[in-house]
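Here is the structure we will look at, set down as structure tokens.
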Amino acid sequence: MAEMTYLQAISDALRGEMRRDKRVFVIGEDVGVYGGAFKVTLGFQEEFGAWRVIDAPLSETAIVGGCTGAAMMGMRPVAEMQFADFISCAWDQLVTVAAKQRYRAGTPVPITVRLPSGGGFSGGPFHSQNPESSFAHIPGLKCVCPATPEDAKGLLISAIEDPNPVLYFEHKHLYRRIKTEVPDERYTIPLGKARTHLEGDEITVVTWGAMVYTAEEAARELGDGSVEIIDLRTVLPWDKKAVLESVRKTSKALVLHEDTRTGGFGAEIAATIAEEAFEDLDAPVKRIAAPDAPVPFSPKLEKAFIPQVEDVLAGLRELAEY
Amino acid sequence: MATDTALDVVMPQMGVSVSEGTITKWLKSEGEPVAADEPLLEISTDKVDTEVPSPGDGVLQQILVAEGETVDVGTKLAVIAPEGAAPAAGLPSAEQPPPEKTPEPATARAAAESNAAAGGEAVTPTAETTEATPARTPTAETTEATPAPADAPTDGAADGKTFVSPVVARIASEHSVDVGQVSGTGRGGRVTKKDMMAYLEAGPQAPAKAPEAVPERAAGATAPPPPPAPAPTGAPPRPPSPEPAAAGEQLEPMTAMRRGIAEHMRRSLDTSAHVTSAIEVDMSRVVGIREKLKKEYQSAYGVNPTYLAFIARTAVETLREYPWVNGEIRGETIVTRNFVNLGFAVELADGKGLIVPVLKNAETLNLLGMAKGVAQLAQRARDKKLLPDDVQGGTFTITNPGGYGTFHGTPVISQPQAGILGTYAVVKRPWVVQDELGADVIAIRSMMNLTLTYDHRLVDGALAGRFLRDLRKRLETWDESSY
Chain C
0 MAEMTYLQAI SDALRGEMRR DKRVFVIGED VGVYGGAFKV TLGFQEEFGA
50 WRVIDAPLSE TAIVGGCTGA AMMGMRPVAE MQFADFISCA WDQLVTVAAK
100 QRYRAGTPVP ITVRLPSGGG FSGGPFHSQN PESSFAHIPG LKCVCPATPE
150 DAKGLLISAI EDPNPVLYFE HKHLYRRIKT EVPDERYTIP LGKARTHLEG
200 DEITVVTWGA MVYTAEEAAR ELGDGSVEII DLRTVLPWDK KAVLESVRKT
250 SKALVLHEDT RTGGFGAEIA ATIAEEAFED LDAPVKRIAA PDAPVPFSPK
300 LEKAFIPQVE DVLAGLRELA EY
Chain W
0 MATDTALDVV MPQMGVSVSE GTITKWLKSE GEPVAADEPL LEISTDKVDT
50 EVPSPGDGVL QQILVAEGET VDVGTKLAVI APEGAAPAAG LPSAEQPPPE
100 KTPEPATARA AAESNAAAGG EAVTPTAETT EATPARTPTA ETTEATPAPA
150 DAPTDGAADG KTFVSPVVAR IASEHSVDVG QVSGTGRGGR VTKKDMMAYL
200 EAGPQAPAKA PEAVPERAAG ATAPPPPPAP APTGAPPRPP SPEPAAAGEQ
250 LEPMTAMRRG IAEHMRRSLD TSAHVTSAIE VDMSRVVGIR EKLKKEYQSA
300 YGVNPTYLAF IARTAVETLR EYPWVNGEIR GETIVTRNFV NLGFAVELAD
350 GKGLIVPVLK NAETLNLLGM AKGVAQLAQR ARDKKLLPDD VQGGTFTITN
400 PGGYGTFHGT PVISQPQAGI LGTYAVVKRP WVVQDELGAD VIAIRSMMNL
450 TLTYDHRLVD GALAGRFLRD LRKRLETWDE SSY
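Chains as they are written, first to last, in numbering that gives the first Met the number 0: chain C, 0 to 321; chain W, 0 to 482.
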């Protein structure tokens, strides 16, 4: 066991897979010589060479399209979007080609797309988004959103192993902020299996990514051990069973995400709870999410935009008092 | 479908906005056999031109509207008679019923179908079908069983307590519990899942917690209270704490009533801003009157005119002028009422519990009624024969710790009320009064302290002071004839 930051865990997992499996290669903007915008692939080109750590032109379409082709020819590509926001350029390759290839032709498309996502550092509207909900709507894709270094490693290995296109949303705000023990050996964490981050029996908070920590802080501030935090870990597939089990126990649910509210994945969770656990509910299912607006630059506005500990605390109190 | 009675063919509704249609061509002539769904005539409207199929098998007995005529939707156009029926006597006349009735379902449906088949613009076949069968959905809805226990309290639809969440409804129905009997701690007094579980766990003693719960009830709507049966699900009482007693300590399990009291007292202090004001009352006049009435009340009615009855009577009278003291904060609103449901704290015989039975509509009782009501409730409380309804719906409470000689106290408000009146020992004390000449003299008077503990969120100190002042005045100037 070694202490690792969230970023180191990602880097460690990726390096390990590249050493282990010659089919795994990395492609992205500035991932080679520069080591990636966030230095996840620092030193990779020296170790694995320019043919396995490819500096791509500024074309996300080309990166994802190239990965799709390589995957169909038997490779295990790992693409890096410099910022998750730029994935919109590759929408067509991902959604029209990669996600449907298996269905149309039976060909697996084992690509992994790494997406540095999320805000909290004044990145503004083009460098702060959390686009997982858009892709969670696309059958044929998988969406992974790790919250801890341990999960970051185990889930990335699972993503690379998975025969489907997997979008791996790594939260930039967690990169160097979160540091915990990570097992040295290779291990996988199954996609679609949630984790109980905090146990409690009166309110269930369903969340993922950086919001896990926001929820945790709010729960600790509430201080009565009543809050159970379910970290989904993957939003597609999502662990419906774990969520429903927890809600059946607590009868109150708060769904929290950093992405904007309307059509966010929280809506899917809330609807499922209402649909399948209706007779176990003791309060309306509550959602806390960003307002329906682009992410602002101004630190003050961004703070108002991204759900904060006090917002979650207020939501928890409201549910507790209901 | 083979018809054995005559079927009417009516001008179909060919779109929501269409109100009339023109007969362009009859495809059959009178007396000709026609099969169900076989085209019968052609019509033209401002939306579509289409064929109208026959609503059933039979013979076109009678054509009522000639080609080229424009008629309103729903107008009867022809009659299809069963095979072999005699042709109609003649053309329509005044005896023909007015056509504005809803089209007969078969015809309307057929019209809708033909309409869809015609592929016409801007037509909405679904809307038409729905229009043709308006009675369907409501029936389905009304037959749907509500999951909530149907015997839940039927009163006070507007107060927060009556909202029953899905999980509470389910638990209530699984355990045959009347949600109305459970004391609610949620928003607006709503019964939460936690309340429900605590109620089930507490078992039959649960009414002990009830007095705070029920806000005003609509007059006369009180459902017959269920018998105070033991808790239906054998949730055993909580076992004593596994932690062993230290030397010299003794452990005993908390009773359900104790837990209820504990929870309510804590919650009340967490809810209301408790402030207590005290006033000294010269009870000499009441003492005198009581001495006089005692015999009469005892022999005639078998009831003791207690000081409590006097105080209750004057308190109710005074509350009328201070509706907030008899009020409640419910969410963001202030509730006042034109009645007083007076709660009395009654100590149980074993000295290990307290219950607050409620004298409903105390404003209708005179001194005798009050004395009788209090005595009966207290007896039922000590005999553990109170019904759930007896401990609910209080709007103001009187507690009487003075029986043991205490002269002051700071009781805890029974939620969600706004005040509680404390009465203390009547003691003889030297007191400065004025003699007939207006000179100050020291007299021996029967004095009593009264306290009003009030929720400062709603009742300000000045209001409480005025309330106590007026109450004192009523007691000191007790008018026998008016009570």
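Cβ coordinates follow ideal geometry from the N, Cα and C atoms, glycine included. All values reported here derive from a predicted model rather than from experimental measurement.
Opening and closing residue of the beta strand (DSSP E) in which C:Y167 lies: For the purposes of this step, residue 167 of chain C is identified with residue 168 of the first sequence, where counting begins at 1. First-last of the beta strand (DSSP E) with C:Y167: V165 to H170.
Below 8 Å, how does it come out for the region 284 to 303 of chain W and the region 345 to 356 of chain W: are there three or more Cβ pairs, yes or no? no
Listed in chain order, which residues of the region 261 to 286 of chain C have Cβ atoms closer than 8 Å to some Cβ of chain W? Near chain W, meaning a CB-to-CB distance below 8 Å, the residues of the region 261 to 286 of chain C are F277, E278, D279, L280, D281 and A282.
Proximity to W:H407 [Cα-Cα], best of W:L420, W:G460 and W:N337: Counted from its first residue, the second sequence places residue 407 of chain W at position 408. Measuring C-alpha to C-alpha distances from W:H407 to each of W:L420, W:G460 and W:N337 identifies W:L420 as the nearest.
Backbone CA spacing between C:A288 and W:D459 [nearest angstrom]: Locating residue 288 of chain C in the first sequence gives position 289, where the first residue counts as 1. Locating residue 459 of chain W in the second sequence gives position 460, where the first residue counts as 1. Cα atoms of C:A288 and W:D459: separation of roughly 41 Å, rounded to the nearest angstrom.
Using a cut-off of 9 Å between C-beta atoms, extract the partners of C:Y321 located in chain W. Your numbering for residue 321 of chain C matches position 322 in the first sequence. Ordered by position in chain W, the residues that pass the 9 Å Cβ test against C:Y321 are S164, G185, R186, R189 and T191.
Does the CB of C:S245 have a neighbour CB from chain W at under 8 Å? Indexing the first sequence from 1 puts residue 245 of chain C at position 246. By this cut-off, C:S245 is not an interface position.
Between which two residues does the alpha helix (DSSP H) harbouring C:T213 extend? Within the first sequence, the letter at position 214 stands for residue 213 of chain C. Segment M210 to L221, the alpha helix (DSSP H) holding C:T213.
Please report how far the alpha carbon of W:P224 lies from the alpha carbon of W:L386, in whole angstroms. Sequence index remark: in the second sequence, residue 224 of chain W carries index 225 (1-based). Sequence index remark: in the second sequence, residue 386 of chain W carries index 387 (1-based). With a pLDDT of 40 at W:P224, under the threshold of 50, the modelled position of that residue is not reliable, and the figure given next carries that caveat. When rounded, the distance between both Cα atoms is 7 Å.
Below 7 Å CB to CB, which residues in the same chain sit around W:Q61 once its five sequence neighbours on both sides are set aside? Reading the second sequence from its first residue, position 62 is the one you call residue 61 of chain W. Closer than 7 Å at the Cβ level, and outside the excluded window around W:Q61, lie E29, A77, V78 and A87.
Cβ of W:R169 less than 8 Å from any chain C Cβ? For the purposes of this step, residue 169 of chain W is identified with residue 170 of the second sequence, where counting begins at 1. By this cut-off, W:R169 is an interface position.
C:S250 versus chain W: which residues are under 7 Å apart at the beta carbon? Taking the first residue of the first sequence as position 1, residue 250 of chain C is located at position 251. By Cβ distance, chain W contributes V166 and K192.
According to DSSP, is W:K24 part of a helix, a strand, or is it coil? Along the second sequence, one-based indexing puts residue 24 of chain W at 25. Strand, per DSSP.
For W:V8 versus W:V51, is the C-beta spacing smaller than 8 Å? Within the second sequence, numbered from 1, the residue matching residue 8 of chain W stands at position 9. Within the second sequence, numbered from 1, the residue matching residue 51 of chain W stands at position 52. Contact: yes.
Measure the C-alpha to C-alpha separation of W:A80 and W:E37 and round it to an integer number of angstroms. The residue you call residue 80 of chain W lines up with position 81 of the second sequence. The residue you call residue 37 of chain W lines up with position 38 of the second sequence. Answer to the nearest angstrom: the Cα atoms are 15 Å apart.
According to DSSP, residues forming a beta bridge with W:N399: Taking the second sequence and counting its residues from 1, one reaches residue 399 of chain W at position 400. According to DSSP, which records beta bridges pairwise, W:N399 is partnered with nothing at all.
Are the region 152 to 166 of chain C and the region 179 to 194 of chain C in contact at 8 Å, needing three or more beta carbon pairs? yes
If distances are taken between C-alpha atoms only, which option among W:L353, W:L6 and W:F309 comes closest to W:K75? Indexing the second sequence from 1 puts residue 75 of chain W at position 76. That would be W:L6, whose Cα lies nearest to the Cα of W:K75.
Using the rule of at least 16 other Cβ atoms within 10 Å of the residue's Cβ for burial, across every protein chain shown, is W:M256 buried or exposed? Within the second sequence, the letter at position 257 stands for residue 256 of chain W. Flag for W:M256 reads buried.
Sub-8 Å separation of W:T422 and W:L449 beta-carbons: By one-based count along the second sequence, residue 422 of chain W stands at place 423. By one-based count along the second sequence, residue 449 of chain W stands at place 450. It is a contact, given that the beta carbons lie within the stated cut-off.
Secondary structure of C:W50, DSSP reduced to three states: Position 51 of the first sequence, counted from the first residue, corresponds to residue 50 of chain C. The answer is coil: DSSP assigns C:W50 none of H, G, I, E or B.
So, under 8 Å CB-CB, W:L366 and W:R312 are touching, yes? Tell me the CB distance rounded to an integer number of Å. The residue you call residue 366 of chain W lines up with position 367 of the second sequence. The residue you call residue 312 of chain W lines up with position 313 of the second sequence. With 8 Å as the limit, W:L366 and W:R312 qualify as a contact, their Cβ atoms being about 5 Å apart.
I'd like to check one pair, C:R22 with C:G64: are the Cβ atoms closer than 8 Å? Within the first sequence, numbered from 1, the residue matching residue 64 of chain C stands at position 65. Within the first sequence, numbered from 1, the residue matching residue 22 of chain C stands at position 23. No, they are not a contact pair.
Give the straight-line distance between the Cα atoms of C:R75 and C:S121, rounded to the nearest whole angstrom. Reading the first sequence from its first residue, position 76 is the one you call residue 75 of chain C. Reading the first sequence from its first residue, position 122 is the one you call residue 121 of chain C. Their Cα atoms are separated by approximately 34 Å.
Suppose contacts are defined by Cβ-Cβ distances below 8 Å. Is C:A55 in contact with C:G27 by that definition? Within the first sequence, numbered from 1, the residue matching residue 55 of chain C stands at position 56. Within the first sequence, numbered from 1, the residue matching residue 27 of chain C stands at position 28. Going by C-beta atoms, C:A55 is nearer than 8 Å to C:G27.
Once you ignore the five residues that flank C:D161 on each side, which residues in its own chain have a CB closer than 7 Å to its CB? Here residue 161 of chain C is taken as the residue at index 162 of the first sequence, counted from 1. Only P109, K141 and L190 meet the Cβ criterion.
Straight-line Cα distance separating C:L280 from C:R286: Residue numbering aside, residue 286 of chain C sits at position 287 when the first sequence is read from its first letter. Residue numbering aside, residue 280 of chain C sits at position 281 when the first sequence is read from its first letter. About 15 Å.
Where does W:V178 sit, in a helix, a strand or coil, going by DSSP? On the second sequence, residue 178 of chain W is found 179 positions in, with the first residue counted as 1. W:V178 falls in the helix class under three-state DSSP.
Do C:A252 and C:I272 have their beta-carbon atoms positioned less than 8 Å apart in this structure? On the first sequence, residue 272 of chain C is found 273 positions in, with the first residue counted as 1. On the first sequence, residue 252 of chain C is found 253 positions in, with the first residue counted as 1. Against a cut-off of 8 Å, the Cβ pair of C:A252 and C:I272 comes out as a contact.
Count the other CB atoms, across all protein chains shown, that sit within 10 Å of the CB of C:A217; report buried if there are 16 or more and exposed otherwise. Locating residue 217 of chain C in the first sequence gives position 218, where the first residue counts as 1. C:A217 counts as buried, since at least 16 other C-beta atoms from the protein chains shown sit within 10 angstroms of its C-beta.
Report yes if the C-beta distance between W:F466 and W:V324 is below 8 Å; otherwise report no. As a first step, residue 466 of chain W must be located in the second sequence, where it is residue number 467. As a first step, residue 324 of chain W must be located in the second sequence, where it is residue number 325. Yes; because the gap between Cβ atoms is below 8 Å, this pair is in contact.
If contact is defined by three or more beta carbon pairs under 8 Å, each pair taking one atom from either stretch, is the region 424 to 432 of chain W in contact with the region 391 to 398 of chain W? no
Do you know whose CA, among W:S283, W:E320 and W:L26, lies nearest W:L474's CA? Residue numbering aside, residue 474 of chain W sits at position 475 when the second sequence is read from its first letter. The shortest Cα separation from W:L474 among W:S283, W:E320 and W:L26 belongs to W:S283.
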